[in-house]
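Numbering (this note's numbering), first residue to last: 161 to 1160.
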C-alpha cells in the first residue's frame, strides 16, 4: 500500500554545481609539499585579482573556508591556508572596492566566529581552534590591512585583545602569541608606521598583565629601541627599561619564568607571570634581550644609541645575574639548567668573541663539569653537546681556545678538567689553538703549576701532572709544523713551554704553594725529554730548541732567577760544560753560514749530552770530553785532512751509550746523529755495533756488554711511559720462539742452551720452590703431607731457646728466598735490557745499510745478522734482523753493488779473499737448523756476495759454482747439514737470469 505525499510538501531537488577545481585547490593547500601548497595558493589568489572583480559572496565564502581551514588538524594545512589567506586579504583590501559592503570588520568577524571554541568540542578540536585563531591573527597582521589609513584604528586594539586573551587563556600558546606581536613591532618599524600602533600594543599587554613576562619584556624592548618617541606606560619598569641595572633581580625571575611574586616600594604587585609550561626550545625573548645589552648588541636603529641605553645592563652583568645566578643556580631545576645550556651553545655558535669570552661563569662551568663527569646524569647529553660546541668554535676560530681554556681551567673552573670529566676536551682545544691563543694560555698553565688550586700535597702533584701533560700535548700537536708549509711559527710557543718545565724541574723555587716534590720535579724533567723527543721529528726544531733549553738551564743557574739549581757542579764539571757551550756557540755560527747535516747533528748531540749532565748523569760528563775530541776532529779548522777514524769510533761509542738507555728521546737522537755520520763509520765502529748483536740476551750478556755496570740506567726507571721504550715481560715471553734443531745432531751446544732457555728457567723455578719448601719444613721440623716421614712431636711445648732457634732458621729461609727472587728479577730485567739494546742497534744498522749499502764494509753485516736471526729466542729481534737483511739486499742492485778494490793490487787481493771467505761462511751458516725466514735470508745473502764477486771478475763464476757444489755435497753426505731446498732453487733461478750477461 502506498502513501501519497501532500502536494504542498513535495519539493523539487535543484541541481547543485560542484567546482571541482576549487576543491582540488583547497585539498592541495594542505599538502605537505611546499611547491604544491604554493601552486594552490597562487591559483586561489588569482581568482581575486581586481580584474576578476569577485563578489562579496565569493569573498565571504572563500574567507570562511580559509579561516575554517586554519583549524584543521592536518600537518601542513595551517601553513598553506595561512599563506593563501594573507595574500587574499592583501589582494581584496589593498584598494577600496566600489559597490562592496564586505569590509575589514566583516573579515575579522569571520575570523573570530570560525575560530571560536564553544566548549562542546573534544580536547583536540579545541586545540585546533586555538591554533586557528593564532594563525588567523598572524595572517591578518601580515596582510597589512589593519594599518591602512582607511581602516579604523579601533580595530587594532580589538585584534590585540583577541591575541592576548588567547595568551592568558592558554599559557602553552603564550610564547607564540607574544611572537606575533613582537614580529609585528619589527615590521611596523620597517614600514615606518605611526608609533600609535606599537603604543597600543604595549598598553594592551600591560592591561592584560603580561608586561612582566618574557613576551612583554621582548615587545617592550623592541618598541623602546625601534620607536624612541613612543609614549610607554609608566611605573612598569624602573627608568622605563627592563634592562635597567636595578631590574636585574626582576629580570632574572621573569626570564626563567618564576612564579614568585615581587612587590615594589609602593606596594603594587609586580608579579612576573609564568606560562606554567616548560618548552625544550629557547624562548624568543632571550634573543631580544641579549641583543640589546649594552656591550653586545646589534644596533638596529641609529636612534637606539640614546642616553638611556648607556645605562642598560652590560652583557656581563646580564649573563652573570640572569643566566649564571638564575638558570644555573644550585637550586635551579634541571629544566632551567637545560635552557642555560641552550643559551651557552647559542652564544658559542653565534655570538661574537666579546660575548663568548664572558659566558664561562662559575655556576655554569661547575654544572658543565658535574654533568659531564657522570653519564647517567639528566643533563649529561646537553653537557656533552656544549663540550662539542666549544671544540667546534675553536676549530673555526683558533684564537677562542684561550677563552675556553681559561674558562674551564681558570678561577671559575677546575684545574684537572679532563680528568674530572673523563673527557679530552682541553686536550683537543689546545691541539687546535693557534700561536696567539697559546701565548695567552701558557701564563695560566705556569700559574697553575705554581699554585695548583689546592694545599693538599697529593692533589697538587696530580694537578701539576695534568697541566704538564696538557703542555706536552701542545708540543706534540705543533711539532709537526716544522716539516710542513704551515704559515704559523710555533718556535716561541714551544720554547716557552719548555722554559716553564725548566723553571720548575731544575730549580728550587720558593714561590710554589705547596712546594714541588722531588717526584714532581722528576716528572717535569721527563716531560722535557718527551717534548724534545717529539720535536726531533721536525727539521726546523730538532737542533734549535734543545740548544735553547740547555741555555735556559745554564742562564737560570747563573742568575739564580728561579731559585737554587738542583745539581751541585764541581769546578771540573763546570769547565767541561763551559767548553761544551763554546763548541755549541761555534756550531750555531756555522749553521747560519752553511747547511750541513753534520753541524746540526753535533749541535743536537752536544745539547742532549749537556742536558744529561744537568739531570745528574755521571756518565754524561765523560761523554762531553769524548764529544769534544770528536768535534775537534770532525769540525776543527786546524785538523782538516787528518784521519778521523778514531773520532768516528769514539762517536759510535757515544751513540751506543745513548742508545742503550730505555728512552725514545735518546733512541731518536742517536739515529739522527748516526745518519749524519754513517758514511764515516769505520771497521772498528761497525764491529762495536756487531758485538752487541752477538751478545747473549741474558744477565751474563749484559754484564759482558756493560762491564758489570748494570745499574747505569737506574735513573731512567721512573721515566714516563711516553718517553721510555721497554719490552714488556709478558709480551717478551709470548714472542719467544724456540728454534728447533731438527734431530739435534747438527746444533752447536751454545745454540741448544739458548733454545732450551725457557724450559731450563721453568725447571729452575720448580727447583727453587721445592728447595724453599724443604728448608721451611726443616726449620719447622715438619714434612709435606705428600711425603712419608715420622710424625714429629709438633704439639710439644718448646722453651724460649728453642723458639729463638726456630725464629732464626725461619729468618734465614725467607732471607734466602728474597735473595733468590731478587736474582730472578735481575735476570728478567737484564734480558729485557739486552733485547731493547739489540733493537736500537738494529735500527742504527738499518740506517747504515740505507746510506752505505754500496760500501764493501757493509758486507761485514751479513753473517752477524744471519746468526742473530737464527739464534735469538725473541721473535721480534729475529724478524728485525731479517728485515735489515732484506732491505740491504734490495738496495744492492746495479751500480749500487759494493765494489772490491781501489787500485792497490795487494789490497784488492786481500779484499777479494775476504769476500770468498764470507761466501763460504754464509753457506756454512745456511747449513744450521733454523726458522724458514733464516733459510731465505741465507740464500739472499749468498746471492748478494756472488753478485759482488762476479761484478769484480766474471771468471769468478766457476769458483762460485764449486762453492755451491761443495754445499750440495755436504747436504747429501752429512747428517749435520740442514740446508733448505730453496737455497739451491734460488741459486738455479739466478743462474738462468744471469747466464746471458755472463756470456756477453
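Virtual Cβ for every residue (Gly too), placed ideally from N, Cα, C. None of these values were measured; they are calculated from a predicted model.
- Around the C-beta of residue 296, 16 or more other C-beta atoms lie within 10 Å, and the residue is accordingly described as buried.
- Within the same chain, 300, 315, 318, 319 come within 8 Å of residue 268 by CB-CB distance, once the 5 residues on both sides are set aside.
- Listed in chain order, the alpha helix (DSSP H) elements of length 4 or more contained wholly in the segment 537 to 623 are 540 to 556, 560 to 569, 577 to 581, 585 to 592, 595 to 610.
- Between the C-alpha atoms of residue 618 and residue 1004 there is a straight-line separation of about 42 Å.
- Measuring C-alpha to C-alpha distances from residue 746 to each of 373, 792, 606 identifies 792 as the nearest.
- Per DSSP, the continuous alpha helix (DSSP H) segment holding residue 239 begins and ends at 237 to 253.
- In this structure residue 1094 is buried. Its beta-carbon is surrounded by 16 or more other beta-carbon atoms within 10 angstroms.
- Under the three-state reduction of DSSP output, residue 724 falls in the strand class.
- Put simply, the backbone Cα of residue 611 is about 15 Å away from that of residue 572.
- Beyond the five residues adjoining it in sequence on each side, residue 246 comes within less than 7 Å, by CB distance, of 299, 302, 303 in the same chain, given in chain order.
- Judged by their CB atoms, residue 306 and residue 333 are not nearer to each other than the 9 Å cut-off.
- If you check the CB distance, residue 660 and residue 590 do not come in under 9 Å.
- Within a 10 Å sphere around the beta-carbon of residue 438 sit fewer than 16 other beta-carbons, which makes this residue exposed.
- Taking a cut-off of 8 Å for Cβ pairs, the segment 757 to 771 and the segment 705 to 725 touch, as three or more such pairs fall below it.
- Cβ-Cβ distances below 6 Å link residue 522 to 572 in the same chain, with the five nearest sequence neighbours on each side left out; the list follows chain order.
- Burial check for residue 510: the Cβ neighbour count within 10 Å stays below 16, so the residue is exposed.
- Bridge partners of residue 668 according to DSSP: 724.
- Per DSSP, residue 450 is one residue of the alpha helix (DSSP H) stretching across 444 to 450.
- The residue among 1030, 586, 555 with its C-alpha nearest the C-alpha of residue 568 is 586.
- Annotation for residue 409: the continuous alpha helix (DSSP H) segment containing it runs 408 to 415.
- Across the set 653, 595, 665, 597, the C-alpha of 665 shows the shortest separation from the C-alpha of residue 624.
- Counting along the chain, residue 1052 sits inside no alpha helix (DSSP H), nor does DSSP assign it H or E at all.
- The Cβ atoms of residue 629 and residue 667 do not sit closer than 9 Å to each other.
- According to the DSSP assignment, residue 330 belongs to no alpha helix (DSSP H), since it is labelled neither H nor E.
- Under the three-state reduction of DSSP, residue 261 is assigned to coil, being neither helix nor strand.
- Between residue 842 and residue 817 a beta carbon distance of about 18 Å is seen, past the 8 Å cut, so the two are scored as non-contacting.
- For the pair of segments examined, the segment 1048 to 1055 was found not to touch the segment 985 to 998: the number of CB pairs separated by less than 8 Å stays below three.
- Restricting attention to 607, 759, 728, the CA atom closest to the CA of residue 778 is found in 728.
- Shown here, residue 369 sits in coil according to DSSP, grouped into three states, outside any helix or strand.
- Your pair residue 411 and residue 482 checks out as a contact, with CB atoms roughly 6 Å apart and the cut at 8 Å.
- In the structure shown, residue 795 adopts helical secondary structure according to DSSP, grouped into three states.
- Rounded to whole angstroms, residue 671 and residue 525 show a C-alpha spacing of 29 Å.
- Under a 10 Å Cβ-count criterion, residue 518 is classified as buried, with 16 or more other Cβ atoms of the shown protein chains found around its own Cβ.
- Within the same chain, 197, 200, 236, 240 come within 8 Å of residue 191 by CB-CB distance, once the 5 residues on both sides are set aside.
- When the Cα atoms are used, residue 504 and residue 261 turn out to be separated by approximately 55 Å.
- Apart from sequence neighbours up to five positions away, the residues of its chain that approach residue 594 with a beta-carbon distance below 8 Å are 558, 559, 561, 648, ordered along the chain.
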